Amino acid sequence: MINCLQSTLVLLSLFFAQSLIAQDNKAETKNDLVLVKVASLNTIDANKEFQKNVQLVQQQRALAAQTLTKLNSTTDEKVKVKLQKQFDALQDKLNENNQLMFKTYGFSLNRNYVLTVEKSHIHMWVTAEEAEAIKNKPSSVEPEAKEKEKSGFRSLFNRKK
């Protein structure tokens, strides 16, 4: 019974809000908390892998919570023992995966996170002729980026000696 209560407390302490998209990169304070960057996902594949891993640990947590609910509501001792074994195995695996997520991404289920999109590409389906016309047309976004490069922080590294 004490083991069930401890397990319940562990599960209740594991809280994760859905990833939010932040509008700027500046450190935000909220109730004396400071937003710090814990990881960068530099490729689309890395982002997909991260999202898949987050979904996996969330599903494991949900399954453990369901198993615990069944365990607490069951009166049959044989079923209780079976459910306790399942719950213990689920909790061990969840803790292991949560630790791996922390080592890999600085992510833990018992924290809230903000996902900041730093770079995006917008694509659309077009015909071959339209693609050629778009490719030959000067982009309105690129000159701005080049202007920033000439005057921004990155320009320090692009100067010729």
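As numbered in my numbering, residues 839 to 999 make up the sequence shown, in order. Glycine included, every Cβ here is placed at the ideal spot set by N, Cα and C. Nothing here was measured: the structure is a model prediction, and the numbers come from that model.
- In this structure, DSSP gives residue 876 a state outside helix and strand, which the three-state scheme calls coil.
- Out of 869, 872 and 881, the CA that lies nearest to the CA of residue 959 is found in 881.
- The straight-line gap separating the alpha-carbon atoms of residue 923 and residue 917 is approximately 10 Å.
- As the crow flies, the alpha-carbon of residue 965 is around 60 Å from that of residue 920.
- Every alpha helix (DSSP H) of 4 residues or more that sits fully in the stretch 937-980 is shown, in chain order, as 966-974.
- In the pairwise beta carbon analysis, the stretch 922-938 is classified as touching the stretch 892-904: at least three pairs are separated by under 8 Å.
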